[in-house]
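**Student:**
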Amino acid sequence: MSVVSPRELRLAGLCYLAIIALGLWAETHVRGSLVVPGDAAATAERIAANPQLWRLGLVADLLMQLLDLPVIVVLWRLLRPVNETLALTATFLNLVQTAVLVANRVQLLTTLDLLTSPAIAAAFLPGQREALAMLAVQLHGQGFGIGLIFFGFACVIRGWLIARSGLLPRALGWLLLVAGLAYLLNSFALLLAPAFAKLLFPAVMLPVLVGELAFALWMTAGKHRLAAAAAGPMSGATRLTPPP
């Protein structure tokens, strides 16, 4: 059986914390300060005046996806003894999310090229470039929401496995499961009712932050109950025995 050492779990936890920090910085400090909702001209002016900040946000996004890979591997090894099929399903869902988000970052480069490339400036009127740049920003947001559908299902599965594993505090599993449901609610709202999604977003982010941050902090600094698992393979009954 594959066993995750406390050191590996802590390293994965540090990666998870870095993912959260990078994601928040790129979304709030970079895009939150440069993108003006509903105002293509103001957005274009801000991005064109701060191209390096826009690029740094893109680099932060890509680092976030890169750091996701060791976390995926460690969680697969950790949860595989609980239910191999579900753990593998969550792993593939997470990998699909990562692939979708990496490909989606091209929209951010498209936005920058539309606003800073002399060749493109010669081919389009200023208003056209601004509108196309804003469209690329909006498509990036929609692509991000689509990617999070896969991650939401991965969180739901992992949360259930954690709650039933007996290796981690049960509350962490339920918090992660609720975070996954919040991701799904937000992403499907973006697709089905965009106006409602804008109102829903602040409420949805609370369980997401609480669930993921609590799990990442426990991975990094918690008292890991992995010694029993290291003693030998668990039977099916033991795998599904929750902690007392």
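Residue numbers (this note's numbering): 11 to 254.
We treat Cβ as the ideally placed atom computed from N, Cα and C, and that holds for glycine.
Could you name the residues of the same chain whose beta carbon sits closer than 6 Å to that of I124, not counting the 5 residues immediately before and after it, in chain order?
**Tutor:** The displayed chain sequence assigns Leu, not Ile, to residue 124. So the qualifying residues of the chain are I130, R139, L142, A143.
**Student:** Short of 6 Å in beta carbon distance, which residues of its chain neighbour G162, apart from the five on each side in sequence? Order them along the chain.
**Tutor:** G190, Y193, L194
**Student:** Who are the near neighbours of V81 in its chain, counting only those whose CB is closer than 8 Å to its CB and skipping five residues on each side?
**Tutor:** A22, C25, Y26, I29
**Student:** Are there 16 or more other CB atoms within 10 angstroms of the CB of F134, so buried, or fewer, so exposed?
**Tutor:** exposed
**Student:** Among residues of its own chain, excluding the 5 on either side of A98, which ones have a beta-carbon nearer than 8 Å to its beta-carbon?
**Tutor:** Just to set this straight, residue 98 is Leu in the shown sequence, not Ala. Result list for L98: W86, R90, in chain order.
**Student:** Is it true that the CB of I167 sits closer than 9 Å to the CB of L103?
**Tutor:** Going by beta carbons, L103 and I167 fall inside the 9 Å limit.
**Student:** If you run the structure through DSSP and keep just helix, strand and coil, what is A203?
**Tutor:** Reduced to three states, the DSSP call for A203 is coil.
**Student:** Can you tell me the Cβ-Cβ gap for G157 and V110, rounded? I've got them flagged as a contact below 8 Å.
**Tutor:** 4 Å
**Student:** So what does DSSP say about R90, is it helix, strand or coil?
**Tutor:** Coil, per DSSP.
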